[in-house]
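*Asks:* Taking the numbering used here, the leading residue of the sequence shown gets 18, the next gets one more, and so forth.
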Amino acid sequence: MRRVTRNFVLLLVAVLVALLALGALPSLLGSGDPYYLTADPVDENGSDGVSAANASAAVNGSVLSERQFPYTTTALRNGSSGPYREGPWGLKETFAHSPFDERDALAARNATAVTEDGVLVTHNGTLYRVAVRQRV
């Protein structure tokens with residue numbers, strides 16, 4: 018292999034590794050059925066399986082940053098976020114932001130807002146159950 022060709026291949030590999038580390042390449046990787054972060058309105062009276070104690074402990078979604086919680090803020094506005102596809106071999110999850118990260122961050126903000134199938138979030142006076150789901 019000529020020296021110029023070898024150097025070009027090494028440079029190309031270095032650029033790909035740098036893009037992978039920055040999260041640019043994982044956004045192109047995607048396999049399987051997409052996941053969506055959904056925000057479903059919940060009845061605060063408890064008929065949806067939400068106790069009054071959990072409803073009062075809901076995370077305040079009106080103060081969430083759109084840059085830190087892009088999936089959650091989109092779901093609160095539209096009912097569902099854009100699709101997120103898992104990457105092969107677990108590479109994408111390591112380097113990219115996901116709805117699973119946002120769900121875990123919301124649960125960490127207030128553990129009492131966690132229900133069996135999501136996290137309770139209030140937004141503009143409405144109580145929502147935010148959960149990661151797959152559409153079939």
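Glycine included, every Cβ here is placed at the ideal spot set by N, Cα and C.
1) Hey, how far is the Cα of E83 from the Cα of V32?
2) How about L123 and A113: are their beta carbons less than 9 angstroms apart?
3) Considering only residues of the same chain and omitting the five flanking positions on each side of T143, which have a CB-CB separation below 8 angstroms?
4) Could you tell me if G78 is buried or exposed, where buried requires 16 or more neighbouring beta carbons within 10 angstroms of its beta carbon?
5) Less than 9 angstroms between the beta carbons of T91 and V138, yes or no?
*Replies:* The structure says:
1) Cα to Cα, the separation comes out at about 30 angstroms.
2) No, Cβ-Cβ distance for L123 and A113 is not below 9 angstroms.
3) Sequence-distant Cβ neighbours of T143 in its own chain, meaning closer than 8 angstroms and more than five residues away, are P58.
4) G78 comes out buried.
5) No, the pair does not count as a contact, with Cβ atoms beyond the cut-off.
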